[in-house]
Structures are given as structure tokens and as C-alpha cells.
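Read the structure below first, then the notes.
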Amino acid sequence: MKVVELVEVTKVYELPRGSIKALDNVTASIEAGEFISVMGPSGSGKTTLLNIIGCLDVPTSGEVIIGNEKVNGLSDDELTKIRRDKIGFVFQQFNLIPTLTALENVEYPMILKGVNGHEKRSKGFLRSVGLDEQLGENKPNELSGGEQQRVAIARALANDPDIILADEPTGNLDSKTSKDIMQLLKATNERGKTIIVVTHDPLVAGYTSRTFRLVDGRVM
0 MKVVELVEVT KVYELPRGSI KALDNVTASI EAGEFISVMG PSGSGKTTLL
50 NIIGCLDVPT SGEVIIGNEK VNGLSDDELT KIRRDKIGFV FQQFNLIPTL
100 TALENVEYPM ILKGVNGHEK RSKGFLRSVG LDEQLGENKP NELSGGEQQR
150 VAIARALAND PDIILADEPT GNLDSKTSKD IMQLLKATNE RGKTIIVVTH
200 DPLVAGYTSR TFRLVDGRVM
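Each residue of the sequence shown is one higher than the last, beginning at 0 in numbering that gives the first Met the number 0.
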């Protein structure tokens, strides 16, 4: 079953210096349970592609289908619901809320969705990524980079999304911690989650089953 489908997707940014075509007529599909890497040089459109799949941005033209739902023309509230329920995000900069503990960061998406028993569930997600309850009481600045990324992965899993999007998830980590994080993402994929990871690192791409290579906004 296809969980992501892009049909002739183009994204143009209008800037003071002129138009920039970040994506150029991209057509691609991703099946449920795949582990995909997106590679390409800087400026090739990798993050733009991820943002459009994640409903953080909209295409200038073309069609985007997430699950069985066409997202073109949906309202902001409808796009927010898709992001909340169907997609989990893992970022290079972690993007944890600094005033919340690790446990509260994982709870936050569940609170927004109105999930019952979110504290117990959050502790379970932290354990699933290798963090104990004591670390769950720490705020992000009291955690190492690898620990923060584990919290970010736990948060991405909180609402049981079908798709996990990861933008350079090992970019700020040392090689050993990067390996641990990729093994964690691979284990998450083996539990049935579809994972799409943007990376410049061939070692990271080596964990995935298929690679999209972007050059000048086109999939090669």
C-alpha cells in the first residue's frame, strides 16, 4: 500500500533576487514499511521534499497524497491534523521544548491529541528508545546530543504515526552515537513504520532499503 505519492510536484520560491525552483516535476511513491533515504548536494531540494511530504509546505503545482488523502487545497487545520496523527518528525537540531522535561516533551503531542494515560505511555516510549525514567525528568540542556535525539524519536512515535520523517538526524552527533541512532531508526522501521531520512552521509543511507537522489530539484 502506498503511504506517500507525489505526482509532478514542483516547488518555486519567489525571492527578491528572482524565482528559485527547489523541486522540478518530482514524481515518486513510497510503500508502507519502506525505509527511504533522500540524498543530494546542498541546495538540491532534499529538505523541501521532506517538508512537502510532512505537510509543512505546499507545492506550487502537482499533487501530494498522504495515505489515501489528497492534501492539495486542505485548510491549515486539516493539514495540522495530518501532521499530528499521521507523521512524526525528527530534526537535526532536535527541536525539543527547552522548558519541558524529556518526559513532558514526549507527552506533548499526546496532550494535543487528547490521548488518555499519556504519562504512562510516554515513559514506555522513553524506555523503547533506551532512556530510563530518571533521565525523563531532565530538561534538554541536561542531556547529551544522543539522548536528546532519542527523546526526539520517542516524541515522533508518540501518536503512533504511519510515517517518520528525519532531516539529517545524525548531523550533530559523533560516529558512535550516529550508529546507535540509525540502529534505533532501523528497529523502528522493522516494527512497521515507514521512515524517510534526508542525509548526506552514505553510511546513514546504507541502513535504508532505497535511495532517492536529488539533483537540481529532480529525482535521479
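For glycine and all other residues, C-beta sits at the position ideal for the given N, C-alpha and C.
Computed from a predicted model, the values in this text were never measured in an experiment.
Check: Residue from M109, L130, G129 whose Cα sits closest to the Cα of R120; Outcome: M109
Check: Beta-carbon contacts of I195 that lie in its chain and below 6 angstroms, excluding the five residues immediately before and after; Outcome: I35, L164
Check: DSSP-derived helix/strand/coil call for D166; Outcome: strand
Check: C-alpha distance - L172 paired with T47, whole-angstrom precision; Outcome: 23 angstroms
Check: Pairwise C-alpha distance: G205 and K175; Outcome: 15 angstroms
Check: G123 versus N158, K112, P201, residue with shortest Cα-Cα distance; Outcome: N158
Check: Bridge-paired residues (DSSP) for S18; Outcome: E13
Check: Helix, strand or coil at A153 according to DSSP, with G and I counted as helix; Outcome: helix
Check: C-beta atoms of V3 and I52 nearer than 7 angstroms; Outcome: yes
Check: Under the three-state DSSP convention, the category V37 falls into; Outcome: strand
Check: Whether V37 touches K45 by CB criterion (7 angstroms); Outcome: yes
Check: Distance between I64 and N221 (C-alpha atoms, nearest Å); Outcome: The displayed coordinates of the chain run from 0 to 219. Any statement about residue 221 would go beyond what the structure contains.
Check: Nearest-angstrom Cβ-Cβ length linking D166 and L49, presumed shorter than 8 angstroms; Outcome: 6 angstroms
Check: Three or more C-beta pairs below 8 angstroms linking the stretch 128-139 and the stretch 94-101; Outcome: yes
Check: Integer-rounded CB distance, given that R212 should sit under 8 angstroms from G39; Outcome: 6 angstroms
Check: DSSP three-state assignment for T98, whether helix, strand or coil; Outcome: coil
Check: Endpoints, beta strand (DSSP E) assigned at S121; Outcome: It is not in any beta strand (DSSP E) - S121 instead sits in the alpha helix (DSSP H) that spans 117-127.
Check: For K69: DSSP bridge partner residues; Outcome: I64
Check: Through-space distance from R16 to D161, alpha-carbon basis; Outcome: 39 angstroms
Check: Cβ-Cβ distance between L22 and C54 below 7 angstroms; Outcome: no
Check: Candidates T187, D179, K178, S177, of which the one nearest R154 by Cα; Outcome: T187
Check: Rounded Cβ spacing between L130 and E146 (contact assumed at less than 8 angstroms); Outcome: 7 angstroms
Check: Of the residues P201, I81, R217, R190, the one placed nearest G32, counting alpha carbons only; Outcome: R190
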